[in-house]
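Here the structure comes first, spelled out in structure tokens, and everything after it is commentary.
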Amino acid sequence: MDDELTLFTEFRQRLTRAAWRMQYRNRTRLNRELAIAAAEQIDRGEPADQAISMLFVQEVLLAIPSYPSRTVMQKLIVDGKTEREVSRELGITQQAVNKCKQRAVAAIRRQMDSFAN
Numbered sequence: 784m785d786d787e788l789t790l791f792t793e794f795r796q797r798l799t800r801a802a803w804r805m806q807y808r809n810r811t812r813l814n815r816e817l818a819i820a821a822a823e824q825i826d827r828g829e830p831a832d833q834a835i836s837m838l839f840v841q842e843v844l845l846a847i848p849s850y851p852s853r854t855v856m857q858k859l860i861v862d863g864k865t866e867r868e869v870s871r872e873l874g875i876t877q878q879a880v881n882k883c884k885q886r887a888v889a890a891i892r893r894q895m896d897s898f899a900n
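Numbering (our numbering), first residue to last: 784 to 900.
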């Protein structure tokens, strides 16, 4: 009788642990899916919000003084291309693309700082 009771207790503990693990995995999966769904919801946004966002992005891009840096940022940020793709497209090295990106970010940062002051 004692053996049956300890066996029953052990199985009960194992089942409880398995249930907790399943519940934890399900909760983490659900949290990831909710984050993705929320991001998609934000992306869909209202057309007016999207138009304002696009105008802001265009205004920021126009604030970049040099044409190559502006083109690089347009392709990287708006078009979503990689540095390698942009370098092949423009016929420059990937290091040059990175340097243009750094200059553009510095120019945007300077402009934001001037607006803040």
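Just so it is clear, CB atoms sit at the ideal spot from N, CA and C, and this is done for glycine as well.
Note that this is a predicted model, so its numbers are computed, not measured.
Requested in this report: Thinking P848 and A890 are a contact (beta carbons under 8 Å), I'd like their distance in whole angstroms, please.
Outcome: P848 to A890, Cβ: 6 Å. Contact.
Query raised in the report: By how many angstroms is the C-alpha of T876 removed from the C-alpha of V912?
Result: Any property of residue 912 remains undetermined from this structure, which presents the chain solely from 784 to 900.
Report task. For Q857, I'd like the list of residues in its chain whose CB is within less than 8 Å of its CB, leaving aside the five on either flank, ordered along the chain. Result -> L844
Query raised in the report: Taking Cβ positions, are V855 and K884 nearer each other than 9 Å?
Result: yes
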